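Read the structure below first, then the notes.
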Amino acid sequence: VNDLERRHGLEALFAAHAGSVRAYARRRIDAATADDTVSEVFVIAWRRLEEVPEDALPWLLGCARRVLANQRRSTRRGEALTRRLEGASAPAGWTGVSDGPLALALAELGERDREILLLICWEGLEPAQAARVLGCSRNALAVRLHRARRRLAIALERAERGDVGTQPMENLT
Amino acid sequence: MSDLLERLSAANPLPDCPQPSIEEVWMRLATEEPGRSRPSITPGRSRLTRRGLLVPVCAVAAVMALAVLLVTSGSGGGLSVVARAYAAASSNGTIIHYVMSSRQRPAQTNHVPWKYADTHGQVWVSGRRRHLIEALSFVPGHGSLSHEIVVDGDHVENFQGNTIVESTTQSASGSCAALVSCGAGVPADPLAEIRSLYKAGQLRAAGQTTVGHRRVDVIVSQDATVRVLVDPRTFIPIQITQTFGSQPWPVSPTVTTTITHYQRLALTPHNNKLLNLLPHPRARIACVSASGVIRVTALKHCPLVPADRPSSTTSYTTGRPPSGVRASARRYAPGRWEISVSFTASTAVTSARSSYTILLQLQDGSRLLWTSDQNIRRDTRVTEVFQSPALKFRAGTHTGTVRFNTTNQANAAPHGPDEIPLGNFEVLNPQAPASLGASGVIVGRFVVTVPSSR
Numbered sequence: 010v011n012d013l014e015r016r017h018g019l020e021a022l023f024a025a026h027a028g029s030v031r032a033y034a035r036r037r038i039d040a041a042t043a044d045d046t047v048s049e050v051f052v053i054a055w056r057r058l059e060e061v062p063e064d065a066l067p068w069l070l071g072c073a074r075r076v077l078a079n080q081r082r083s084t085r086r087g088e089a090l091t092r093r094l095e096g097a098s099a100p101a102g103w104t105g106v107s108d109g110p111l112a113l114a115l116a117e118l119g120e121r122d123r124e125i126l127l128l129i130c131w132e133g134l135e136p137a138q139a140a141r142v143l144g145c146s147r148n149a150l151a152v153r154l155h156r157a158r159r160r161l162a163i164a165l166e167r168a169e170r171g172d173v174g175t176q177p178m179e180n181l182t
Numbered sequence: 180m181s182d183l184l185e186r187l188s189a190a191n192p193l194p195d196c197p198q199p200s201i202e203e204v205w206m207r208l209a210t211e212e213p214g215r216s217r218p219s220i221t222p223g224r225s226r227l228t229r230r231g232l233l234v235p236v237c238a239v240a241a242v243m244a245l246a247v248l249l250v251t252s253g254s255g256g257g258l259s260v261v262a263r264a265y266a267a268a269s270s271n272g273t274i275i276h277y278v279m280s281s282r283q284r285p286a287q288t289n290h291v292p293w294k295y296a297d298t299h300g301q302v303w304v305s306g307r308r309r310h311l312i313e314a315l316s317f318v319p320g321h322g323s324l325s326h327e328i329v330v331d332g333d334h335v336e337n338f339q340g341n342t343i344v345e346s347t348t349q350s351a352s353g354s355c356a357a358l359v360s361c362g363a364g365v366p367a368d369p370l371a372e373i374r375s376l377y378k379a380g381q382l383r384a385a386g387q388t389t390v391g392h393r394r395v396d397v398i399v400s401q402d403a404t405v406r407v408l409v410d411p412r413t414f415i416p417i418q419i420t421q422t423f424g425s426q427p428w429p430v431s432p433t434v435t436t437t438i439t440h441y442q443r444l445a446l447t448p449h450n451n452k453l454l455n456l457l458p459h460p461r462a463r464i465a466c467v468s469a470s471g472v473i474r475v476t477a478l479k480h481c482p483l484v485p486a487d488r489p490s491s492t493t494s495y496t497t498g499r500p501p502s503g504v505r506a507s508a509r510r511y512a513p514g515r516w517e518i519s520v521s522f523t524a525s526t527a528v529t530s531a532r533s534s535y536t537i538l539l540q541l542q543d544g545s546r547l548l549w550t551s552d553q554n555i556r557r558d559t560r561v562t563e564v565f566q567s568p569a570l571k572f573r574a575g576t577h578t579g580t581v582r583f584n585t586t587n588q589a590n591a592a593p594h595g596p597d598e599i600p601l602g603n604f605e606v607l608n609p610q611a612p613a614s615l616g617a618s619g620v621i622v623g624r625f626v627v628t629v630p631s632s633r
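Chains as they are written, first to last, in the working numbering: chain A, 10 to 182; chain B, 180 to 633.
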């Protein structure tokens, strides 16, 4: 495969999935970092173009998930320190969700539970695709999804009663 | 799907997301080092690790990588020179600022032939919007002009001779000739040429050549009408030669553009002003319609308002006022004058990244800008001479400034690997955050009097 064909391949991949990757990142982080994440993901895709499967979206979202995790790891400690110095608490609720109780419930969930639910409900992935994003088997995902849904229901019930929303998010994840 | 998941789906804060641009990806690929190792963050790694397959898989991968390396050694690998040059020439989402000089031979203006025409200027370009400040001289000649143009797609704003001509296209050149010389038209954009040829698959690498004792990569178009020299490390274009074979001229004109400074600026609201015309508060506005009708109006009645420019930032310059700026005018031929400006340099100029520039504001509203030598020692007397073969200064008093330009990185001496010396000029690292155009400080002012010719 020559360079021109690879370039066209990446352009086709970008045209098909860049919007979804950006939406995935944007729902989890600010716009500038989301744009950085998109370009980082497609730089990886360029380097590993031969490894990208035909159903590329789960593969790309998996990359985006790890890129975001790397970024979060590098910034979390600094943010926590800043927050302590400023005497402020972490934002309660999941950013951008207008349904108040649901936002609080999402914030209370662990990262893994929340990720499974959002991949299904927001990214519109099938369970098999979500399993590829998370690097687990389909059966394992079905079990995790069941548990995540149950935890969300409990958290939502507590949120609607007004029992949650006071604990910093990082202590819950 | 249960009610709970439906409720979660309905709470999606971003149902639609705009499609990003792929230019950023090309940019990153071009600016990253090809051999740089990176952490593996592709999906599936955790399963391999968990099942104890990591060691055998790594061993197999290492053997395969070695085999691939042996097979492809010498072919370069990674992105091609052409793709990297394309990315380096891309200006979407950023501002490319470059200082250039070009020579066209043969040339013509208003159907008068010249052996060649030289252009010196600066360009700020972002996407389809381009701002040029250029001085053209026709050599050997009887003509010289400077102009400032903003091109945004089909929309053109051309400042020349104290008039801003606003037009939709240059097709109305027959009419606007009454106000300004339309011979120059809208200058070609060499970076756009590189991009369009690359997108059409018309560019190919053509090895290396030597310029100024340094090896540079060569890229040519399939029809050999465009030849681009790019820096082998940054892939920034440093010279573009275009041959316009379709022109009705005895010999096809050839334009060679040499880029002496090249930098990327963030597309901030502040820097965005660099894409606008300089303020010309006394300029007339001529609005040329597509039918060629010209409407000249005062500034206040015209919708076109020259924008503010970013003010000079002095926080990272080390320029101090030079002592005693002196300027004089000498007539060296009938109607032709030579302007000399001398001053004592308080700051050394040892790199192409800093310079003294002399700006002369003429009475008719036009301006002359020239740059000092690139090798000036501190506390030495510098004399800079501007001699235009055809510029007819009006008798009277003209004012000017001496300006010291530098960059913040230039002050972070010593000049390290962010500079790539190439012959008698240097190419800046595209990642350098410095803004050459906005980092100057006026360090001296002068007045020069051109006596009457009689």
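Even for Gly, the Cβ is constructed at its ideal location relative to N, Cα and C. Source: prediction; values computed, not measured.
Cβ neighbours of residue 387 of chain B within its own chain (closer than 8 Å, five residues either side excluded): 394, 395, 396, 397 and 411. If you draw a straight line from the Cα of residue 107 of chain A to the Cα of residue 54 of chain A, it is about 34 Å long. For residue 137 of chain A, the nearest beta carbon of chain B is not closer than 9 Å to its own beta carbon. Not flagged as an interface residue toward chain A: residue 397 of chain B, since no C-beta distance is shorter than 9 Å. Under the three-state reduction of DSSP output, residue 327 of chain B falls in the strand class. Not flagged as an interface residue toward chain B: residue 38 of chain A, since no C-beta distance is shorter than 9 Å. Residues of chain B with a Cβ closer than 9 Å to the Cβ of residue 28 of chain A are, in chain order, 195, 196, 197, 198 and 199.
Against chain A, the beta carbon of residue 409 of chain B has no neighbour under 8 Å; the closest one sits roughly 15 Å away. Against chain A, a Cβ distance below 7 Å from residue 446 of chain B picks out nothing, because the smallest value is about 12 Å. Contact with chain B is found for residue 16 of chain A, since one of that chain's Cβ atoms lies less than 9 Å from the residue's Cβ. Judged by DSSP in its simplified three-state form, residue 154 of chain A adopts helix. At least one CB atom of chain A sits nearer than 9 Å to the CB of residue 191 of chain B.
The C-beta of residue 32 of chain A comes closer than 9 Å to at least one C-beta of chain B. Residue 53 of chain A sits in a helix when the DSSP states are folded into three classes. With a 10 Å radius around the Cβ and a threshold of 16 neighbouring Cβ atoms, residue 182 of chain B comes out exposed. When the five nearest sequence neighbours on each side are left out, the beta carbons in the same chain lying within less than 7 Å of the beta carbon of residue 111 of chain A are those of 165, in order along the chain.
Look at residue 565 of chain B here: in three-state DSSP terms it is strand. Here residue 23 of chain A carries a helix assignment [DSSP, helix/strand/coil]. Here the alpha carbon of residue 522 of chain B sits roughly 59 Å from the alpha carbon of residue 72 of chain A. Sorting B/329, B/331 and B/296 by C-alpha distance to the C-alpha of residue 436 of chain B places B/296 at the top.
Inclusion of residue 561 of chain B and residue 627 of chain B in the CB contact set at 9 Å is not warranted, their separation being larger than that value. In summary, residue 551 of chain B is buried, with 16 or more beta-carbon neighbours lying within 10 Å of its beta-carbon over all protein chains present. For the C-beta of residue 386 of chain B, not a single chain A residue is nearer than 7 Å; the gap to the nearest is close to 16 Å.
The beta carbons of residue 270 of chain B and residue 370 of chain B sit closer together than 9 Å. Interface with chain B (9 Å Cβ-Cβ cutoff): residue 167 of chain A is excluded.
Cβ-Cβ distances below 8 Å link residue 423 of chain B to 404, 431, 432, 433 and 434 in the same chain, with the five nearest sequence neighbours on each side left out; the list follows chain order. Partner residues in the beta bridge of residue 273 of chain B, as assigned by DSSP, are B/445.
One finds 201 in chain B with Cβ atoms closer than 8 Å to the Cβ of residue 20 of chain A, taken in chain order.
Residue 422 of chain B is bridged by DSSP to B/433. Collapsing the DSSP output to three states places residue 159 of chain A in a helix. Cβ neighbours of residue 153 of chain A within its own chain (closer than 6 Å, five residues either side excluded): 125.
Distance between residue 263 of chain B and residue 208 of chain B, taken at the CA atoms: about 7 Å. The alpha-carbon separation between residue 408 of chain B and residue 420 of chain B amounts to approximately 9 Å. Annotated as proximal: residue 457 of chain B and residue 327 of chain B, with beta-carbon spacing under 9 Å.
Neighbourhood of residue 170 of chain A in chain B, by CB distance below 8 Å: empty, with the nearest CB roughly 16 Å away.
With fewer than 16 neighbouring CB atoms inside 10 Å of its own CB, residue 148 of chain A falls in the exposed class.
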